[in-house]
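Numbering (the numbering used here), first residue to last: 625 to 812.
We put the CB at the ideal spot given by N, CA and C, even for glycine.
The structure presented is a predicted model; accordingly, all values stated were derived computationally and were not measured.
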């Protein structure tokens, strides 16, 4: 797996502020075959920065407005290491199911979580991979509401953390949510 940080020129990346358009451009840069099942996660961490996690190194020149890129293997962290983490996500949960018709199987509905439930949502999503020692978040907007989470954590299970980084957290992975970014705490 590769982690690419692509510097964008906001003046040259017109139309790329739309999540769906950015998702299509990222997919084309990583794997031009739309039927492919290649794993791709991405996040626009600032107006000038796009981060992509993928099975193959992306052809970053295919991303509109891209001016430079650094591509590295995805980091692995040993158990017991304290790390910094970052996540853009739209925390949601299931509302109790209701039966619509007689005999119909009830289905739950995904609803945005209130902020007071974010810490338990993060603990649940991190599972046994990480133990969050700090977490803060900033509202980004959108529907459902997206948040930019940052914090520190202790690695509990290195393999489970790697799988979390590869598969993403929460809904909206195709539209720039769910990419868990990690770095050693000492690295700045």
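For residue i, I'd like the list of residues in its chain whose CB is within less than 7 Å of its CB, leaving aside the five on either flank, ordered along the chain.
i: residue 583; result: The displayed coordinates of the chain run from 625 to 812. Any statement about residue 583 would go beyond what the structure contains.
i: residue 652; result: 686
i: residue 671; result: 634
i: residue 700; result: 782, 786
i: residue 719; result: 732, 733, 735
Taking the beta strand (DSSP E) that residue i falls in, what are its first and last residues?
i: residue 778; result: 770-779
i: residue 803; result: Looking at the DSSP string, residue 803 is not in any beta strand (DSSP E), and its letter there is neither H nor E.
i: residue 764; result: 754-765
Measure the alpha-carbon distance for residue i versus residue j and round it to whole angstroms.
i: residue 690; j: residue 644; result: 17 Å
i: residue 711; j: residue 799; result: 13 Å
i: residue 703; j: residue 744; result: 22 Å
i: residue 806; j: residue 732; result: 32 Å
i: residue 768; j: residue 789; result: 22 Å
i: residue 664; j: residue 654; result: 8 Å
Sorted by chain position, which residues of the same chain lie with C-beta nearer than 6 Å to residue i's C-beta, five sequence neighbours on each side aside?
i: residue 692; result: 631
i: residue 648; result: none
i: residue 667; result: 675, 712, 800, 803
So, is residue i buried or exposed, given that buried needs 16 or more other C-beta atoms within 10 angstroms?
i: residue 771; result: buried
i: residue 791; result: exposed
i: residue 762; result: exposed
i: residue 697; result: exposed
Spatial neighbours of residue i within its chain, please: CB distance less than 8 Å, with the 5 preceding and 5 following residues excluded, ordered by chain position.
i: residue 760; result: 773, 774, 775
Between which two residues does the alpha helix (DSSP H) containing residue i stretch?
i: residue 785; result: 782-791
i: residue 635; result: No alpha helix (DSSP H) contains residue 635, which DSSP labels as neither H nor E.
i: residue 746; result: 742-750
Can you determine whether any heavy atom of the ligand SAM sits closer than 6 Å to the C-beta of residue i, and answer yes or no?
i: residue 795; result: Absence of the ligand SAM is noted for the structure shown, with no ligands found whatsoever.
Minimum length 3: unbroken beta strand (DSSP E) runs contained in the segment 644-718
664-670, 673-678, 690-697, 706-713
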